[in-house]
Amino acid sequence: MTQNISLAVILTVLASVALAVASVVQHSAVGDTAGEPGAKLSGSDLLAVIRNPRWLGGLLLTGVGAVLQMAALLLAPVTVVQPIGVLAVPWTILLAARVHKRPITAAMWGATGLTVVGTVAFAWVAIRNAAPFPILNDAWLVLGTLAGFGIAGLLALAGARGPVAWRCLAWSAAAAVIYGAESGVVKAIGHYTTSRPWLGSPVFWMLAASIVAGMVLAGIWIQQGYASGAAEIVVGTLNAAGPVAGVAYGIAVLGEGMNLTGGAVLLMLLFAAVAISGVILLSRIHPGTVPTATETAPDPAAQRGERP
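Residue numbers (my numbering): 4 to 311.
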């Protein structure tokens, strides 16, 4: 398929808006079910969440965003499309502040600024050095995809067993690695179907199965992230760590780094560190928590005008 980077950018921006709205809606739905912030959702909790109409509405929006992003990936390299999704971070912060009627502090804006600036700069370097087409190597596709799942699994383990303060970040990072790698897998599948026989290819079907498995795992891990912290942290992590994982997959597995110089690589590492530091700061200073039944229930004495 012919590249059209301008159209790909427009589609990715629209996808970022859909993701932002979906995140705030689903975070609210998870808050109806979650117990103490940082607690892991049980199987019954997850079933209750997915029966919530608001959560299903958020899922529909997530699907719309995913379709838009997949279309963008067919029109431009992974190293171009993935970083632009960081625009979902400010959209989510503004929308969540509006919904929950809470102020956005200067520190939150500063952390968000680091995330956006770092990721946009990362994307700028990637765009200037984008390869014209991916290179498909079956062995690298299998190894790279399995490596992505392995790294994501370790992060999910940290989300389940690690310190409470870091669980939202760890769960979200696990999903981000999956989504980042899968953006590369989608690109590979699209190129596979147009450049070589694929119906009888075990590698093609392994990649297709990894998309399904990744969607299920990442979806569960995101809900765990919502149960452990604010939607802004989840979206910030997805859109800072996700592009890094996607670009790493594109460079290491799809050969999209063929035009990169040593200086460009150093700049990308620097900007990636800036973006990720912004997410870490946001996770530490964000005032929002998952609402619980105790926090949201009205105080009878207050309703009667009595003093405590």
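For each residue, glycine too, the CB sits at the ideal point set by N, CA and C. Note that the structure is predicted; figures quoted are calculated from it, not measured.
Separation of residue 21 from residue 52, as counted between CA atoms: 20 Å
Contacts around residue 307, its chain only, beta-carbon distance under 7 Å, and the 5 residues preceding and following it disregarded: Caution is warranted here: a pLDDT of 47 is assigned to residue 307, below 50, making its placement in the model unreliable, and the coordinate value is therefore given only provisionally. Excluding positions up to five away in sequence, the list is empty.
Residue 129 to residue 184 span [Cα, whole Å]: 16 Å
Residue 187 beta carbon less than 9 Å from that of residue 256: yes
Closest by C-alpha distance to residue 214, when choosing among 192, 201, 228 and 235: 192
Of the listed residues 105, 272, 208 and 172, nearest to residue 226 (C-alpha basis): 172
Collapsed DSSP secondary structure at residue 302 in the structure displayed: Low per-residue confidence applies at residue 302: pLDDT is 46, beneath 50, and the placement is therefore not dependable enough to give any value.
Cβ shell of residue 58 (< 6 Å), same chain only, five flanking positions each side left out: 29, 32 and 52
Option nearest residue 164 by Cα separation, candidates 18, 43, 8 and 287: 43
Same chain, Cβ closer than 6 Å to residue 111, neighbours up to 5 away in sequence not counted: none
Between the CA atoms of residue 240 and residue 218 - distance to the nearest angstrom: 17 Å
Entirely enclosed alpha helix (DSSP H) segments - the stretch 229–292, minimum 4 residues: 234–255 and 265–288
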